[in-house]
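Chemist:
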Amino acid sequence: MLFCLLKEYKSFIRLSGAVLSVLVFFMIFSACTIETDTSLVQPNSNSVVAVGSSNSIQTTPTAAGDSTEVASDESLDLEQFTSLYGYHSDCDNSARLEIKSLGVSATICNHFVPIGTNMPNPYGPADVAMYDLTQWNRLGGTPGSGGNTILAGHVDYNATVQYAGAYYRGPGIFQNLRFLSQGDRIEIHTDERVYIYEVIWRRAFDADVENWREAWTADVPVESVTLYTCGGTFDAESREYSDRLVVRAQLLPQG
């Protein structure tokens, strides 16, 4: 009897692992925007539109799937956009991400991810999503938990930012994540303290990889933070990046 139960349990574990791999693949695939030097695709849309080198905001809201170009009365960069429109109301501004070497200072917005669902996109081009993966077995973490905090940001954006009622087209908050290198510092500011992490690696994961446990695992030797966005080569035909850019950093001892 015990042997049969163990056999069924092992089969369940193998099946659960396979399901988890597939779900995590869709989680990371869904969280990316698409970019080239000359073309951007709107999130949740298959329509690609050509744009110039400038960033622009269309002050008249347009549906996210509408690829028709409309002249913009003004051109704002990401900092100006944030100054004008702020962040989504669900972001309480109690946590911020600072990467001084990249000039990044962004509000962190919490996103709970139930089992069987995808990681939701950040609300807009300027905020950073922090994913609560507590329902997932040994994945993720939060600052101070000893696990692996998972953060995501857009590399670019070309859609209506719903909370702002404005159309933004241009680089996202993680546009320069590819320039981080070993030894660079990443800071997470909370009401309690400032957590300072040091980058230990930057890797490009193939977009077709199905098992992301290596990136999201909570089983890390030192408390960590993992940042990710889209990267690699843009395929204009498939409208996809070839890679997912992932950066891992470890918490430094508090002085």
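1 is the number of the first residue of the sequence shown in this note's numbering; add one for each residue after it.
For every residue, glycine included, the Cβ atom is placed at its ideal position computed from N, Cα and C.
Taking the alpha-carbon of Asn176 as reference, which of Val247, Ser242, Val225 and Thr190 has the nearest alpha-carbon?
Modeler: Numbered from its first residue, the sequence shown carries residue 176 at position 176. Per the Cα distances, Val247.
Chemist: Is Glu214 helix, strand or coil when you go by DSSP?
Modeler: Numbered from its first residue, the sequence shown carries residue 214 at position 214. In the structure shown, Glu214 sits in a helix (DSSP, three-state: H, G or I).
Chemist: Between the Cα of Glu198 and the Cα atoms of Glu223, Met119 and Phe81, which residue gives the shortest distance?
Modeler: By 1-based counting over the sequence shown, the position of residue 198 is 198. Answer by Cα proximity: Glu223.
Chemist: Relative to the C-alpha of Ile196, which residue among Ala126, Leu251 and Arg244 is closest?
Modeler: What you label residue 196 is simply residue 196 of the sequence shown in a count that begins at 1. Answer by Cα proximity: Leu251.
Chemist: Can you name the start and end residues of the beta strand (DSSP E) that Ser83 belongs to?
Modeler: By one-based count along the sequence shown, residue 83 stands at place 83. Where Ser83 is concerned, there is no enclosing beta strand (DSSP E), although the alpha helix (DSSP H) it sits in stretches over Leu78 to Tyr85.
Chemist: Consult DSSP for Gly234 and reduce its assignment to one of helix, strand or coil.
Modeler: In the sequence shown, counting from the first residue as 1, residue 234 sits at position 234. Position check: residue 234 holds Phe in this sequence, whereas Gly was assumed. Phe234 falls in the strand class under three-state DSSP.
Chemist: Whose CA, out of Ala207, Pro120, Val128 and Ile200, lies closest to the CA of Ser94?
Modeler: Mapped onto the sequence shown, residue 94 falls at position 94. Measuring from the Cα of Ser94, the nearest candidate turns out to be Val128.
Chemist: Quick one: using the 10 Å Cβ neighbour count with 16 as the cut-off for buried, is Pro122 buried or exposed?
Modeler: Counting from 1 along the sequence shown, the entry for residue 122 is found at position 122. So Pro122 counts as buried.
Chemist: Compute the Euclidean distance between the alpha carbons of Leu151 and Leu102, then round it to the nearest angstrom.
Modeler: Here the question's residue 151 lines up with position 151 in the sequence shown. Here the question's residue 102 lines up with position 102 in the sequence shown. In a straight line, the C-alpha of Leu151 is about 16 Å away from that of Leu102.
Chemist: In the DSSP assignment, find the beta strand (DSSP E) that holds Gly103 and state where it starts and stops.
Modeler: Locating residue 103 in the sequence shown gives position 103, counting from the first residue. Here Gly103 belongs to no beta strand (DSSP E), and DSSP marks it neither H nor E.
Chemist: Report buried or exposed for Phe234, applying the criterion of at least 16 other Cβ atoms within 10 angstroms of its Cβ.
Modeler: By one-based count along the sequence shown, residue 234 stands at place 234. Per the 10 Å Cβ criterion, buried.
Chemist: Assuming His322 and Phe174 are in contact, meaning their beta carbons sit under 8 Å apart, how far apart are those beta carbons, in whole angstroms?
Modeler: There is simply no residue 322 to check, as the chain begins at 1 and stops at 255 in what is shown.
Chemist: So Gly170 and Asp156 are supposed to be a Cβ contact under 8 Å. How far apart are they, rounded?
Modeler: Here residue 170 refers to the residue found at position 170 of the sequence shown. Here residue 156 refers to the residue found at position 156 of the sequence shown. 7 Å between Cβ atoms; contact.
Chemist: Under the DSSP definition of a beta bridge, which residues are partnered with Glu98?
Modeler: The residue given as residue 98 occupies position 98 in the sequence shown. Partner(s): Ser105 and Glu187.
Chemist: For Ser105 versus Arg96, is the C-beta distance shorter than 8 Å?
Modeler: The count along the sequence shown starts at 1 and reaches residue 105 at position 105. The count along the sequence shown starts at 1 and reaches residue 96 at position 96. Yes.
Chemist: In whole angstroms, what is the alpha-carbon distance linking Ala236 and Glu192?
Modeler: Indexing the sequence shown from 1 puts residue 236 at position 236. Indexing the sequence shown from 1 puts residue 192 at position 192. C-alpha separation (whole angstroms): 45 Å.
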